[in-house]
Amino acid sequence: MYFLLQKVILPNIDLCTEELLYFRSKGGKYNYTSCNLLVPRHKVACFDTFYNAFSIKKWKKYTTLTSLFLRARITGCGTITVKHKENGVIRVLKQINLKSSSNIGDEIEIDISKINFGYIYVDWQSDEDSILNGFEFLTKDRVSKSSMALV
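Numbers 3 to 153, taken from this note's numbering, label the letters of the sequence shown in order.
Below, the structure written as structure tokens:
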């Protein structure tokens with residue numbers, strides 16, 4: 003069983019439409035009606051943004067996070083690249099080529115055993131016109147119930 007940690011969100015006309023807070027894409031076009039991002043053939047959408055970067059430091063500091071997975075909801079062919087950025091250094095953690103045009107829903111495991119700082123984010127390189135409906139960061143770690151009280 004997977005537990006949702008963080009959704010990679012897209013703009014919402016009722017909240018905030020400043021697209022650079024959500025993603026960067028040259029040539030990409032966000033559809034506010036269907037709430038998805040069209041990424042044209044051979045273009046890239048990058049999610050290392052204010053709302054969508056996954057802070058590994060904070061998750062490991064305040065939780066017992068030991069496993070991390072990514073679920074992508076994409077229609078189209080292309081490459082998902084999961085990256086880690088720390089102190090200006092970017093390294094690729096995982097790269098998956100998706101050959102199917104269907105809406106992908108499988109989980110991609112990300113090894114975080116040696117990562118304690120920085121943030122993790124996703125890039126999508128489109129091989130054909132693609133539609134991104136979002137990504138989710140998940141874990142298989144058990145959720146522990148805790149209570150807090152003021153003394």
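Each residue gets a CB set at the ideal place from its N, CA and C atoms; glycine is no exception. Just so you know, these numbers come straight off a predicted model, no measurement behind them.
Per DSSP, the bridge partner or partners of residue i
i: S69; result: Looking at the DSSP assignment, S69 forms no beta bridge with any residue, so it has no partner.
i: Y2; result: Any answer about residue 2 is impossible in this case: the structure gives the chain only from 3 up to 153.
i: C48; result: R26 and D125
i: R75; result: G136
i: R93; result: H86
i: N99; result: T81
i: L6; result: L140
Through-space distance from residue j to residue i, alpha-carbon basis
i: N33; j: S115; result: 37 Å
i: E88; j: E130; result: 31 Å
i: H86; j: Y53; result: 16 Å
i: L140; j: Y4; result: 6 Å
i: T65; j: Y123; result: 19 Å
i: G136; j: K28; result: 18 Å
i: A47; j: I76; result: 12 Å
i: E21; j: D125; result: 15 Å
i: R26; j: L12; result: 11 Å
Contacts around residue i, its chain only, beta-carbon distance under 6 Å, and the 5 residues preceding and following it disregarded
i: K31; result: L40
Where residue i falls: helix, strand or coil (DSSP)
i: Y116; result: The sequence as given places Lys at residue 116; Tyr does not occur at that position. Coil.
i: L12; result: coil
i: Y64; result: helix
i: E111; result: strand
i: L17; result: coil
i: K59; result: helix
i: G80; result: strand
Same chain, Cβ closer than 8 Å to residue i, five either side skipped, listed in chain order
i: K59; result: N118, F119, G120 and Y121
i: I92; result: K85 and H86
i: I15; result: Y34
Contact belief for residue i with residue j at Cβ below 8 Å, rounded distance in angstroms
i: F71; j: I110; result: 6 Å
i: S128; j: G78; result: 6 Å
i: S69; j: K142; result: 5 Å
Cβ neighbours of residue i in the same chain (closer than 7 Å, five flanking residues each side left out)
i: K96; result: V84, I110 and I112
i: L23; result: T51, F52 and Y53
i: H44; result: S128
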